[in-house]
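For the sequence shown, my numbering assigns the number -15 to the initial residue and increments by one for each residue that follows.
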Amino acid sequence: MRSECWCERTYSPWPDLHAVMKEKKIPLFALESQEPVKGFDFLGFTLQYELCYTNVLQVLDLSQIPYYAKDRGDEFPIIIGGGPCAYNPEPLADFFDLFYIGDSETMLDPLMDLYVKMKNEGAGKREFLAAACAVPGCYVPAFYDVEYHEDGTIRSFLPNTEGVPEKVRKQTCMDLTNAPYPTKPVIPYIKATQDRVTLEVMRGCIRGCRFCQAGMLYRPLREKGVDRLKAEADILIEGTGHEEISLSSLSSSDYTALPELLEYLISHFKGKSVNISLPSLRIDNFSLDIMKKVQDVRKSSLTFAPEAGTQRLRDVINKGITKDDIMIGSSMAFHGGWNKVKLYFMLGLPTETDEDRKGIAHLAQEICDNYYEIPKGERNGKCDITVSTSFFVPKPFTPFQWAPMFRKDDYLDFAYTVKSEIRQMKNQKSIHYNWHEANGTVLEGVFARGDRRLSKVILDAYQHGAMYDSWSDYFHMDIWMDSFARCGIDHEFYTLRCKSTVLYPGVGACA
-15 MRSECWCERT YSPWPDLHAV MKEKKIPLFA LESQEPVKGF DFLGFTLQYE LCYTNVLQVL
45 DLSQIPYYAK DRGDEFPIII GGGPCAYNPE PLADFFDLFY IGDSETMLDP LMDLYVKMKN
105 EGAGKREFLA AACAVPGCYV PAFYDVEYHE DGTIRSFLPN TEGVPEKVRK QTCMDLTNAP
165 YPTKPVIPYI KATQDRVTLE VMRGCIRGCR FCQAGMLYRP LREKGVDRLK AEADILIEGT
225 GHEEISLSSL SSSDYTALPE LLEYLISHFK GKSVNISLPS LRIDNFSLDI MKKVQDVRKS
285 SLTFAPEAGT QRLRDVINKG ITKDDIMIGS SMAFHGGWNK VKLYFMLGLP TETDEDRKGI
345 AHLAQEICDN YYEIPKGERN GKCDITVSTS FFVPKPFTPF QWAPMFRKDD YLDFAYTVKS
405 EIRQMKNQKS IHYNWHEANG TVLEGVFARG DRRLSKVILD AYQHGAMYDS WSDYFHMDIW
465 MDSFARCGID HEFYTLRCKS TVLYPGVGAC A
């Protein structure tokens, strides 16, 4: 607890309210006090997804705060960003005063201690930012200069101020059990997508999938104590009235105390119609005992992520599961009473071929066969398999970060191959297929691998109507393409260019 600090929440208004606030010049305000955001000392953003970048500018715009850090004096808040996208913050660097890299539980208190001390001493914003560079995990873009080669690649990236570290290292909270965790979330008056209690059971992952940014960024694996989780569940259910508890992690079935936790949650909330949700399950270590515990509450679909349709490609991406694992896991699920399974795959992975794409359909068919091998009288209705494919994006700090991407039409061709193959399967009516938006994937890749020159594109796109780009009904690629053209930026420089002569050890070089 910090008696000298007061933290409030604010949100990105939906477009209809945005229009009213702009028209009537109503400044964006904080939820609790309804005080204007521009009067606070800090304005913080969690940067979870690249397609939300224009909403950062929306918040600054509605708050009546200048977009660019260089245009903001001491009278404006310090704009700070964190989260997974802060590991490559360069496309947003011109808009932010400060980024924090890593788990905020570790250095947020020292950073606030420094700010309170310097504010009491009458120090200005630039003095504080210079001092903040000594706090581990803090990156101040204004104190670094970037130079480029004629071909657009980076020549140098160096500090321009004395005392600023050449490299900023991520910070890791090792004691997750005693770390602070929000127990009083805001409860909306309307139906929300994430209408549930979330318990973070662990952070990190024991796996080493080469495409997975979260698996790399959140290393090492850290588990939260089971007694702490039980207490959090009680507080959150009582305080929210939610009817579902979701166990959050990169792989919930890897949590070592999962059977004990489930036993408590199910028995404790028995008769209260509280569903227990287990996302991020591993099909290779999903136990029937756990399944039976969960199905005693309320049965829902199971979600597994084979990621690739063939064993060759699963080995390339280091997924760490075999076809036998998939067959045994799905068979256990079906014998446990489930008939609905969601399967997640990626398309456009390094070294991927048409055979790998068609393999997705064949794997889904074999899982269907697994279900129909159960005697008819013992089945739970018709088998229902949903195959979902997203398109691979090479993210920073992953082994695949150097790999080139594809054009929109290529991605759609990959999806069409999968769809056509599914239509050839004997149980095609039991297999439903959907795929991710290809244009969004391309734009995500641009910003995941981008540099500071992209800030003018983001601002131009926002000023021409781009906002809520991660919502398909608001996403308009033509706005972005026009902005790239006006700013003289070739977006394919960031997506199609191979960034290394070797993708990863032992597999091969870029074409």
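We put the CB at the ideal spot given by N, CA and C, even for glycine.
- If you draw a straight line from the Cα of Ser454 to the Cα of Asn423, it is about 11 Å long.
- Close CB contacts of Ile463 within its chain, under the 6 Å cut and outside five residues either way in sequence, are with Ala445, His448, Gly449, Ala450 (chain order).
- For Pro75 against Leu438, the beta-carbon gap comes to about 4 Å, under 8 Å, which counts as contact.
- For secondary structure counted as the alpha helix (DSSP H) over 4 or more consecutive residues, the stretch 305 to 372 holds these complete runs in sequence order: 307 to 319, 338 to 356.
- Of all C-beta pairs linking the stretch 377 to 393 to the stretch 341 to 353, fewer than three are shorter than 8 Å, placing the two stretches out of contact.
- Around the beta carbon of His133, fewer than 16 other beta carbons sit within 10 angstroms, so the residue counts as exposed.
- Looking at Met5, Lys6, Lys8, Phe26, the one whose alpha-carbon comes closest to that of Arg(-7) is Phe26.
- Counting the other CB atoms within 10 Å of its CB gives Arg153 a total below 16, which places it among the exposed residues.
- Just measuring C-alpha positions, the residue of Gly313, Thr335, Phe288 sitting nearest Asp299 is Thr335.
- Beta-bridge analysis with DSSP links Gln155 to Gly86.
- Leu82 has its alpha-carbon roughly 11 Å from the corresponding atom of Leu95.
- Ala70 is not a Cβ neighbour of Tyr51, given a cutoff of 8 Å.
- Excluding sequence positions up to five before and after Met311, its CB lies within less than 8 Å of the CB of Glu350, Ile351, Asn354, all in the same chain and listed in chain order.
- Nearest Cα to Ala116 within the set Thr137, Ser140, Glu146, Ser261: Glu146.
- Lys413 and Thr370 have their C-alpha atoms roughly 11 Å apart.
- By the beta-carbon neighbour count (other beta carbons within 10 angstroms, threshold 16), Val170 is exposed.
- Taking the CA atoms as reference points, Asp97 sits about 10 Å from Cys(-11).
- Assignment of beta-bridge partners to Ile415 by DSSP yields Ile369.
- Going by DSSP, Phe112 is part of the alpha helix (DSSP H) stretching over 109 to 116.
- By the Cβ-count criterion, Met186 is buried, with 16 or more other Cβ atoms from all chains shown falling within 10 Å of its own Cβ.
- If you draw a 10 Å sphere on the C-beta of Ala387, you find 16 or more other C-beta atoms in it, and that means buried.
- Across the structure, Ala126 and Leu113 are spaced so that their CA atoms are roughly 9 Å apart.
- The C-alpha of Val377 lies about 9 Å from the C-alpha of Val430.
- Residue environment: Phe381 is assigned as exposed (fewer than 16 neighbouring CB atoms within 10 Å of its CB, all protein chains considered).
- If you check the CB distance, Cys189 and Asp87 do not come in under 8 Å.
- Rounded to whole angstroms, Glu184 and Leu231 show a C-alpha spacing of 6 Å.
- Contact between the stretch 244 to 261 and the stretch 207 to 218 is present, with at least three C-beta pairs closer than 8 Å.
- Counting only runs of at least 4 residues, the stretch 194 to 272 fully encloses the following alpha helix (DSSP H) elements, listed from N- to C-terminal order: 197 to 201, 210 to 224, 242 to 252.
- Membership of Pro290 in the beta strand (DSSP E) is indicated by the continuous run 286 to 291.
- In the three-state reduction of the DSSP assignment, Gly121 falls in the coil class.
- Within 10 angstroms of the beta-carbon of Thr337 lie fewer than 16 other beta-carbons, which makes it exposed.
- With at least 16 other beta carbons inside 10 angstroms of its own, Pro73 counts as buried.
- Secondary structure of Pro68 (DSSP, three-state): helix.
- Here Gln155 really is in contact with Thr90; their C-beta atoms are around 4 Å apart, less than 8 Å.
- By the Cβ rule, the stretch 166 to 181 does not count as touching the stretch 204 to 214, because fewer than three pairs are nearer than 8 Å.
- Bridge pairing for Ile138: Tyr132 [DSSP].
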